[in-house]
């Protein structure tokens, strides 16, 4: 291999693992989902931190988001990646925990990551990779810590919550990637008297998204994809690691009559600590009246 090619490869790896992986960004979207006359509200969408205790730059960046003063914070899972990460996560979220909040779990909130060949994602997803039957991460401590501050555990359940001036009906499901989603427990028409109907999940599987949309949920939030994590400039993601198409691997799009926002997330597996052409992100969604 020519030295110039080797040098370029090493430079790219260094950029992906040291620079872009820590180049956190806040993306902003307006979502025209409210009735005329309703005042806008702001939702901060966090996902896929995959936090380990020493990710100081990530912890401090998440803490800085408290200055946004969102009306609602939604965490769509895969928050931790280490048995001792819960205190660090709660420290990162501390400026936001006084705001109304919701959360669901991802597979990596229950099962510790293991070394894998990342190239396998080119021909298959990681669904059903788990061979562990007993969770190895402190998911109960994680949930208790967020719930103790008033955030709602939305795993396979429904709730009503006040967000700004809005009465919001929420339905959430556990992670379909490990077959813990139970949509039948939340199924049925969303409350017609709510000002907003919100569906929350970790993995954006079309079968669940379609059921949310058919039941009348106007805005759907998900994570899991990492936006593809290693992307090709001007082409985008190679894979999504779930059933959603590449065109909707991150950002705001439509699914049937619903709006869908998929977060590219803020972290990576500790065993694949790199991002390329796919910056780590949180999103601030401003809900505005339809035209």
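Numbering (the numbering used here), first residue to last: 72 to 362. Even glycine gets a Cβ: it sits at the ideal position worked out from N, Cα and C.
Residue from 156, 304, 136 with nearest C-alpha to residue 168: Stepping through the chain shown from its first residue, residue 168 is reached at position 97. With distances taken between Cα atoms, residue 168 lies closest to 136.
Buried/exposed call for residue 305, threshold 16 Cβ in 10 Å: The residue given as residue 305 occupies position 234 in the chain shown. Residue 305 is exposed by the Cβ-count criterion.
Reference residue 175, options 164, 142, 213, closest by Cα: Reading the chain shown from its first residue, position 104 is the one you call residue 175. Looking at the Cα atoms, 213 is the closest of the given residues.
Assigned exposure category for residue 128 - 16 Cβ within 10 Å defines buried: Reading the chain shown from its first residue, position 57 is the one you call residue 128. When all chains shown are included, residue 128 counts as exposed.
C-alpha distance - residue 295 paired with residue 260, whole-angstrom precision: In the chain shown, the residue the question calls residue 295 occupies position 224. In the chain shown, the residue the question calls residue 260 occupies position 189. Approximately 26 Å, taken between the alpha carbons.
Contiguous alpha helix (DSSP H) assignments of at least 4 residues, all confined to the region 243-327: 277-285
Residue 338, enclosing beta strand (DSSP E) - first and last residue: In the chain shown, residue 338 corresponds to position 267, counting from 1. It is not in any beta strand (DSSP E) - residue 338 carries neither H nor E in the DSSP assignment.
Limits of the alpha helix (DSSP H) - the one that residue 134 falls within: As a working note, residue 134 is residue 63 in the chain shown. Here the alpha helix (DSSP H) through residue 134 covers 127-135.
Residue environment, residue 233, which counts as buried when at least 16 other CB atoms sit within 10 Å: In the chain shown, counting from the first residue as 1, residue 233 sits at position 162. It is exposed - the Cβ of residue 233 has fewer than 16 other Cβ atoms within 10 Å.
Segment contact, 8 Å Cβ cut-off, at least three pairs: the region 91-110 with the region 310-320: no
C-beta atoms of residue 339 and residue 92 nearer than 8 Å: Counted from its first residue, the chain shown places residue 339 at position 268. Counted from its first residue, the chain shown places residue 92 at position 21. Cβ distance < 8 Å, so residue 339 and residue 92 count as in contact.
Exposed unless 16 or more other CB atoms sit within 10 angstroms - verdict on residue 170: Indexing the chain shown from 1 puts residue 170 at position 99. Buried, because 16 or more other Cβ atoms sit within 10 Å of the Cβ of residue 170.
Assumed close pair residue 324, residue 293 - CB separation to whole angstroms, cut-off 8 Å: What you label residue 324 is simply residue 253 of the chain shown in a count that begins at 1. What you label residue 293 is simply residue 222 of the chain shown in a count that begins at 1. Actually they do not touch by this definition, with Cβ atoms about 11 Å apart.
Cα-Cα separation between residue 291 and residue 272, rounded to whole angstroms: Along the chain shown, one-based indexing puts residue 291 at 220. Along the chain shown, one-based indexing puts residue 272 at 201. Those two C-alpha atoms are separated by around 8 Å.
Distance, residue 277 Cα to residue 298 Cα: Mapped onto the chain shown, residue 298 falls at position 227. Mapped onto the chain shown, residue 277 falls at position 206. Roughly 16 Å between the two C-alpha positions.
Cβ-Cβ distance between residue 227 and residue 247 below 8 Å: Locating residue 227 in the chain shown gives position 156, counting from the first residue. Locating residue 247 in the chain shown gives position 176, counting from the first residue. Contact flag unset, no.
Beta bridge counterpart(s) of residue 116 as assigned by DSSP: Along the chain shown, read from residue 1 onward, the residue named residue 116 stands at position 45. For residue 116, which the question treats as bridged, DSSP gives the partners 145, 354.
Contact set for residue 329: own chain, Cβ-Cβ below 7 Å, skip 5 residues either direction: Counted from its first residue, the chain shown places residue 329 at position 258. Correct list, in chain order: 283, 284, 288, 289, 290, 291.
Backbone CA spacing between residue 366 and residue 270 [nearest angstrom]: Past the boundaries of the shown model lies residue 366; the chain is included only from 72 to 362, so the question cannot be answered.
Residues bridged to residue 172 (per DSSP): Start at 1 with the first residue of the chain shown, and residue 172 comes out as number 101. Answer is 144.
Distance between beta carbons of residue 336 and residue 180, contact taken as under 8 Å: Counting from one through the chain shown, the residue named residue 180 turns up at place 109. Counting from one through the chain shown, the residue named residue 336 turns up at place 265. Going by Cβ atoms, the distance from residue 180 to residue 336 rounds to 13 Å, so no, they are not a contact pair.
Residue 124, enclosing alpha helix (DSSP H) - first and last residue: One-based indexing of the chain shown puts residue 124 at position 53. Looking at the DSSP string, residue 124 is not in any alpha helix (DSSP H), and its letter there is neither H nor E.
Proximity below 8 Å, CB of residue 112 to CB of residue 223: Here residue 112 is taken as the residue at index 41 of the chain shown, counted from 1. Here residue 223 is taken as the residue at index 152 of the chain shown, counted from 1. No. Outside cutoff.
Start-to-end residues for the alpha helix (DSSP H) that takes in residue 157: Against the chain shown, residue 157 aligns to sequence position 86. Looking at the DSSP string, the run of the alpha helix (DSSP H) that includes residue 157 is 157-164.
Residues near residue 350 in its chain [Cβ-Cβ closer than 7 Å; skip 5 each side]: If you number the chain shown from 1, residue 350 lands on position 279. Counting only Cβ-Cβ distances below 7 Å, and skipping sequence neighbours, we find 91, 94, 96.
Beta carbon of residue 109 nearer than 8 Å to that of residue 344: Working through the chain shown from its first residue, we reach residue 109 at position 38. Working through the chain shown from its first residue, we reach residue 344 at position 273. Against a cut-off of 8 Å, the Cβ pair of residue 344 and residue 109 comes out as no contact.
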